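Chemist: Quick one: structure below, then a few questions.
Protein chains: 2
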Amino acid sequence: MLDNDTQSRLLQQYPMLRELPAAERDSLLASASVMHIPAGTVVFDENQPCHGFPLLLSGSIRVIKAAPNGRELQLYRVVPGESCILTSGCLLGHTRYQARGVSEEALEMVLLPASSFNILLGKHEAFRNYVFLLFSDRLTDLMQLVSAVAFQKLDQRLAKLIINKSSPIHATHQALADELGSAREIVSRLLKGFAEQGWVKLGREQIEIIDTASLKKFAEL
Amino acid sequence: MLDNDTQSRLLQQYPMLRELPAAERDSLLASASVMHIPAGTVVFDENQPCHGFPLLLSGSIRVIKAAPNGRELQLYRVVPGESCILTSGCLLGHTRYQARGVSEEALEMVLLPASSFNILLGKHEAFRNYVFLLFSDRLTDLMQLVSAVAFQKLDQRLAKLIINKSSPIHATHQALADELGSAREIVSRLLKGFAEQGWVKLGREQIEIIDTASLKKFAEL
DNA sequence: GACCCTCTGTGATTTTCATCACAGACATCA
DNA sequence: TGATGTCTGTGATGAAAATCACAGAGGGTC
């Protein structure tokens, strides 16, 4: 059972839930539980079955593929209001997770049991549309990602990555490499190149973007 | 309007349609049209809007990403009974196609207008589950693909590709390269390597698999 | 300050793949 | 039987990225 504060924040992040009749919503949420998870936790992993549909209230999850040799690649991020569609896949298709989810910051999330999820999906158009939209967006993201990984050079992908973060960026080169699916040294060298062009200014765990326009031009090339 | 033969084949390929009340089904199908498309046609392309939900009766569609330099990479194939989930994304998210679809063989398909698609989705659980399952499967496929493209070497990907086709394989090296997102010469050389190991026997537009076990072992390595 | 740990810079080397440039093989058809 | 077009084989070359191996640099702690 959720307390009032949690519930109101839930409705704020997931407005489609407001369209349910209050009584029904309450009965569904009665079976939900709140979870608090510290940063850096593996929330789910490949080949695990999954047991509920997470509704994220705060924090974010990196969904990644890990390679045997330790390298990893970020597939997408889940932020509050988005939920992790991978789970829906598991719940619906009765398959298992195909990736690993790691909390970036501390998470606060409401876990909806599979049964409630299915009821919502069947009965409530707003919720269904929401889930479809998520699916659709992820599919789009992944197609773009495949294309980028297959055809784009790393320097362009890196440029694109950093202009989509708010400057100054606080991250290690290793973290950026993990997001791109590459190695730390490569990122270091490429960033050095960007710095030599005067596009960024580098510091320890920090990248300050100086010339967004040039970076963007370079990324789109 | 569909003729009787077409309709019965449709129900055979898409059994979930049988669960609809016949009257309702007929009214939905009344608005559908049959299309015949020759092999090698671009069925849809990136950035096109889309106008209906295709139900494939025969033939198959390669869904690909094309790079500016002419190289391409196959995201997945659509076969009868599967429909192209990319379209649902378009219809639901009101976005545009993110990839290109090319008919491999001549296609016969029923095109369901967006309105009928939405009605089906809203009213009929079997159809909805079907669409969800498709989404989920594609998502899974794409995640595997991203991972393969990012972390696996081409020789292993090629090995996996050919053991999943029925021997003898009738395809040009270029076609295989397009499926992998690589170049023709590379595929030729790798295949030669496989042949030298005694794993395959090569001929013009033909690859005969001799030693599936070794190939599999090599692919899984 | 001495110590330690993480993060970064950088050269050297290697692997993988792409690209270019042809030559030869095979198939079809006039 | 040429003639033509597609498919395949292959060497040479180059670019991108991975890998290895350290050397410092920066920041924290005792």
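Chains as they are written, first to last, in this note's numbering: chain A, 811 to 1031; chain B, 811 to 1031.
Even for Gly, the Cβ is constructed at its ideal location relative to N, Cα and C.
Quick caveat: nothing in here was measured; it's all calculated off a predicted structure.
(1) Which one or two residues does DSSP pair with M919 (chain A) in a beta bridge?
(2) In three-state DSSP terms, what is E856 (chain B)?
(3) By the DSSP assignment, the alpha helix (DSSP H) with K1026 (chain A) in it spans what residues?
(4) On a CA-only basis, which of B:S925, B:S976, B:L902, B:A924 is nearest T950 (chain A)? Give me that one, please.
(5) Put L1012 (chain B) into one of helix, strand or coil per three-state DSSP.
(6) Starting from A877 (chain A) and walking both ways along the beta strand (DSSP E), at which residues does that stretch end?
(7) Is there at least one Cβ from chain B nearer than 9 angstroms to R881 (chain A)'s Cβ?
(8) Can you tell me which residues form a DSSP beta bridge with Y886 (chain A)?
(9) Where do the ends of the alpha helix (DSSP H) carrying G991 (chain A) lie?
(10) Report buried or exposed for R872 (chain A), applying the criterion of at least 16 other Cβ atoms within 10 angstroms of its Cβ.
(11) Rounded to the nearest angstrom, what separates L968 (chain A) and R1014 (chain A) at their Cα positions?
(12) Evaluate contact between the region 902–912 of chain B and the region 847–865 of chain B, counting only Cβ atoms and requiring at least three cross-stretch pairs below 8 angstroms.
(13) Whose Cβ in chain A lies nearer than 9 angstroms to the Cβ of K963 (chain B)?
(14) Anyone know if the C-beta pair for L921 (chain B) and P864 (chain B) falls short of 9 angstroms?
(15) Could you give the distance in angstroms between the alpha-carbon of I946 (chain A) and the alpha-carbon of R910 (chain B)?
(16) Along the chain, where does the alpha helix (DSSP H) that runs through S893 (chain A) open and close?
(17) Using a Cβ cut-off of 9 angstroms (strictly closer), state whether A909 (chain A) contacts chain B.
(18) Using CA coordinates, which residue listed in B:A876, B:N974, B:E1018, B:Y940 is at the minimum distance from H980 (chain B)?
(19) Per DSSP, which one or two residues make a beta bridge with R999 (chain B)?
(20) Name the residue from A:E914, A:G880, A:A1029 whose alpha carbon lies nearest to the alpha carbon of G850 (chain A).
(21) E834 (chain A) to A924 (chain A), Cα distance in whole Å?
(22) From the DSSP output, in three-state form, read off S977 (chain B) for me.
(23) Could you tell me how far apart the beta carbons of V959 (chain A) and V852 (chain B) are, in whole angstroms, since I believe they sit closer than 8 angstroms?
Modeler: Looking at the coordinates:
(1) Here residue 919 (chain A) corresponds to residue number 109 of the first sequence, with the count starting at 1. Answer by DSSP bridge pairing, in chain order: A:M845, A:L866.
(2) Here residue 856 (chain B) refers to the residue found at position 46 of the second sequence. Coil, per DSSP.
(3) On the first sequence, residue 1026 (chain A) is found 216 positions in, with the first residue counted as 1. Unbroken alpha helix (DSSP H) run through K1026 (chain A): 1022–1030.
(4) Position 140 of the first sequence, counting from 1, holds the residue named residue 950 (chain A). Selected option, being the one with the closest Cα: B:L902.
(5) Residue mapping note: residue 1012 (chain B) aligns to position 202 of the second sequence, counting from 1. If DSSP states are grouped into helix, strand and coil, L1012 (chain B) belongs with the strands.
(6) To locate residue 877 (chain A), count along the first sequence from 1; it is residue 67. Note, A877 (chain A): premise wrong, no beta strand (DSSP E); not H, not E.
(7) Translated into positions along the first sequence, residue 881 (chain A) becomes position 71. At least one chain B Cβ lies under 9 angstroms of R881 (chain A).
(8) Indexing the first sequence from 1 puts residue 886 (chain A) at position 76. Beta-bridge pairing links Y886 (chain A) to A:V873.
(9) Locating residue 991 (chain A) in the first sequence gives position 181, where the first residue counts as 1. No alpha helix (DSSP H) contains G991 (chain A), which DSSP labels as neither H nor E.
(10) Within the first sequence, the letter at position 62 stands for residue 872 (chain A). R872 (chain A) is classed as buried because its beta carbon has at least 16 other beta carbons within 10 Å across all chains shown.
(11) The residue given as residue 968 (chain A) occupies position 158 in the first sequence. The residue given as residue 1014 (chain A) occupies position 204 in the first sequence. If I take the Cα positions, the gap works out to 18 angstroms.
(12) Taking 8 angstroms as the limit for Cβ pairs, the verdict is that the region 847–865 of chain B does touch the region 902–912 of chain B.
(13) Walking along the second sequence from the start, residue 963 (chain B) turns up at place 153. In chain order: nothing, as chain A lies at least about 11 angstroms away.
(14) Walking along the second sequence from the start, residue 921 (chain B) turns up at place 111. Walking along the second sequence from the start, residue 864 (chain B) turns up at place 54. Less than 9 angstroms divides the Cβ of L921 (chain B) from the Cβ of P864 (chain B).
(15) Here residue 946 (chain A) refers to the residue found at position 136 of the first sequence. Here residue 910 (chain B) refers to the residue found at position 100 of the second sequence. Looking at the sequence itself, residue 946 (chain A) is Ser, so the reference to Ile does not match. A straight-line Cα-Cα distance of about 16 angstroms links S946 (chain A) and R910 (chain B).
(16) On the first sequence, residue 893 (chain A) is found 83 positions in, with the first residue counted as 1. It is not in any alpha helix (DSSP H) - S893 (chain A) carries neither H nor E in the DSSP assignment.
(17) Locating residue 909 (chain A) in the first sequence gives position 99, counting from the first residue. Cβ-Cβ to chain B under 9 angstroms: yes for A909 (chain A).
(18) Walking along the second sequence from the start, residue 980 (chain B) turns up at place 170. Checking every option, the nearest Cα to that of H980 (chain B) belongs to B:E1018.
(19) To locate residue 999 (chain B), count along the second sequence from 1; it is residue 189. Paired residues: none, contrary to the question.
(20) For the purposes of this step, residue 850 (chain A) is taken as residue 40 along the first sequence, with counting starting at 1. Measuring from the Cα of G850 (chain A), the nearest candidate turns out to be A:E914.
(21) The sequence position of residue 834 (chain A) within the first sequence is 24, counting from 1. The sequence position of residue 924 (chain A) within the first sequence is 114, counting from 1. Looking at the backbone, the Cα of E834 (chain A) and that of A924 (chain A) are separated by about 16 angstroms.
(22) Numbered from 1 along the second sequence, position 167 holds the residue referred to as residue 977 (chain B). DSSP places S977 (chain B) in the coil class of the three-state scheme, outside both helix and strand.
(23) Position 149 of the first sequence holds residue 959 (chain A). Position 42 of the second sequence holds residue 852 (chain B). Actually they do not touch by this definition, with Cβ atoms about 24 angstroms apart.
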